[in-house]
Structures are given as structure tokens and as C-alpha cells.
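*Asks:*
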Amino acid sequence: MDQATAVASGGDGGSAKAAAANPVENLVIQGAIYYLQTCSDIQAILKQVELQGFKAVDYTEMRRLVDEALDQVKSARLTYEVLLKTIAETPSNMVFIQGLQNFDYGTFMKENGLIEPIFKKVEYYLCRGDIGGLLAAIYVELKKIEGNLNLIKRFVDIERLPDLSVFWKLNETSAAALIFGSYATRVFYAVN
Numbered sequence: 056m057d058q059a060t061a062v063a064s065g066g067d068g069g070s071a072k073a074a075a076a077n078p079v080e081n082l083v084i085q086g087a088i089y090y091l092q093t094c095s096d097i098q099a100i101l102k103q104v105e106l107q108g109f110k111a112v113d114y115t116e117m118r119r120l121v122d123e124a125l126d127q128v129k130s131a132r133l134t135y136e137v138l139l140k141t142i143a144e145t146p147s148n149m150v151f152i153q154g155l156q157n158f159d160y161g162t163f164m165k166e167n168g169l170i171e172p173i174f175k176k177v178e179y180y181l182c183r184g185d186i187g188g189l190l191a192a193i194y195v196e197l198k199k200i201e202g203n204l205n206l207i208k209r210f211v212d213i214e215r216l217p218d219l220s221v222f223w224k225l226n227e228t229s230a231a232a233l234i235f236g237s238y239a240t241r242v243f244y245a246v247n
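In the working numbering, the protein residues as written are 56 to 247.
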């Protein structure tokens with residue numbers, strides 16, 4: 056997403072120098088860094104859940120992992136709050152927006168073997184040139200992930216684990232958000 060938003064807001068999306076000059080791009084990059092760490096932490100949490108089949112849950116380690124994931128997703132969410140305000144105040148690159156509106160989403164999806172339900176959500180925003188809407192959709196997913204992690208934390212704090220379905224939902228929500236962002240970035244690179 057970093058190049059995408061940079062291009063949409065007038066940056067070139069490719070250089071460190073451009074990133075330093077483009078607050079929108081900086082925020083997208085920072086949000087992505089926080090989110091990628093969140094995903095890594097979530098996978099470590101899921102590993103601990105799987106390990107319970109072989110040994111007792113190490114609640115000290117589980118608490119540390121959940122707290123770390125929460126810190127990272129909160130940082131991502133707060134970064135996206137600033138990003139949404141910033142992008143609303145930043146003039147759009149209308150040539151790029153027109154490129155998004157004229158892009159052949161169906162062919163792109165088929166040629167790249169993308170997951171249709173997720174890609175259709177990306178297409179929904181980008182075919183309208185609605186980058187702010189796309190970023191707001193990611194923000195909503197961050198809030199869902201944070202809520203799920205808070206639920207897990209309440210259980211872990213009393214040295215219990217919630218039902219496995221809670222972990223499945225966390226995994227699926229975080230994976231879908233990651234793919235959503237990846238697909239948006241792919242479209243931005245293709246349009247640019």
C-alpha cells in the first residue's frame with residue numbers, strides 16, 4: 056500500500072527521499088510495519104495454541120505475545136486514524152485516480168489468480184478512485200483484530216484460553232486484511 060497511497064497523493068512511491076517528503080506515504084509505511092509485526096505476533100500466538108497439544112500452555116509467554124500483538128495493532132490503528140485525517144486533507148493525483156477508474160480489474164484478477172471475494176472488495180473502492188474508503192476499510196479490520204486480541208487477553212490474564220474458534224477468527228481476519236492490502240498494492244503498482 057505504501058506506493059499506492061504515495062502515487063495517489065502525488066508522490067512517486069519509490070524512493071526514500073519521496074517518502075520523507077510525503078506524509079501520507081510515511082503513514083502508510085509505518086502502519087504497514089506495525090501491521091506486519093501484528094501478523095507475526097498473531098502467528099506466534101497461534102503456535103502457542105498448537106503447542107498445547109504437546110505441553111501445558113506457558114501463560115507467561117502467551118501473555119507476552121498477546122500484549123505485543125495488542126501494542127502493535129493499536130499502533131497500526133492509531134497510525135491509520137492519523138492517515139485517514141491526513142489523506143482527507145491531501146489533494147489527490149487525478150491522473151492516477153482516473154487510471155484506477157479505467158483499470159481492467161477482472162482481467163487483472165484472472166491473470167494473477169487472485170482470491171475473488173477479497174479482490175472484489177479492493178475493486179469496489181479503487182474502481183471509484185476511493186483510496187480513503189479503502190484505507191477506512193483496513194482501519195475497520197484493524198479494530199476487529201484488536202477486539203479479538205482483547206478477548207484473548209481477558210482469558211489469558213486468568214490463565215485460560217478461549218474457544219479455538221476465537222483463534223481461527225483472529226487468524227482468518229488478519230490473513231484476509233493482509234491479502235486485501237497486498238491486492239490493493241498490486242493494483243497501485245499496475246496502474247502506476
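We treat Cβ as the ideally placed atom computed from N, Cα and C, and that holds for glycine.
Please report the distance separating the alpha-carbon of residue 184 from that of residue 152.
*Replies:* On the sequence shown, position 129 is the one that residue 184 refers to. On the sequence shown, position 97 is the one that residue 152 refers to. The straight-line gap from Cα to Cα measures roughly 5 Å.
*Asks:* What's the C-alpha gap between residue 150 and residue 247?
*Replies:* Taking the first residue of the sequence shown as 1, we reach residue 150 at position 95. Taking the first residue of the sequence shown as 1, we reach residue 247 at position 192. Distance between the alpha carbons of residue 150 and residue 247 is about 10 Å.
*Asks:* Buried or exposed for residue 83, please, with buried defined as at least 16 other CB atoms from any protein chain shown within 10 angstroms of its CB.
*Replies:* Walking along the sequence shown from the start, residue 83 turns up at place 28. Result: buried.
*Asks:* How about residue 239 and residue 177: do their beta carbons lie closer than 8 Å?
*Replies:* Residue numbering aside, residue 239 sits at position 184 when the sequence shown is read from its first letter. Residue numbering aside, residue 177 sits at position 122 when the sequence shown is read from its first letter. Yes, the pair counts as a contact, with Cβ atoms nearer than the cut-off.
*Asks:* Could you spell out the range, first to last residue, of the alpha helix (DSSP H) harbouring residue 29?
*Replies:* Here the chain has residues from 56 to 247 only, and residue 29 is not among them.
*Asks:* What is the DSSP secondary structure of residue 244, counted as helix, strand or coil?
*Replies:* Taking the first residue of the sequence shown as position 1, residue 244 is located at position 189. Helix at residue 244.
*Asks:* Would you mind stating whether residue 201 and residue 104 have Cβ atoms separated by less than 8 Å?
*Replies:* Along the sequence shown, read from residue 1 onward, the residue named residue 201 stands at position 146. Along the sequence shown, read from residue 1 onward, the residue named residue 104 stands at position 49. Against a cut-off of 8 Å, the Cβ pair of residue 104 and residue 201 comes out as no contact.
*Asks:* Among residues of its own chain, excluding the 5 on either side of residue 94, which ones have a beta-carbon nearer than 7 Å to its beta-carbon?
*Replies:* On the sequence shown, position 39 is the one that residue 94 refers to. So the list reads 229 and 233, once near-sequence residues are dropped.
*Asks:* Check whether chain B comes within 8 Å of residue 124, counting only Cβ atoms and requiring the distance to be less than that.
*Replies:* Looking at the structure shown, chain B is missing, and only one protein chain is on hand.
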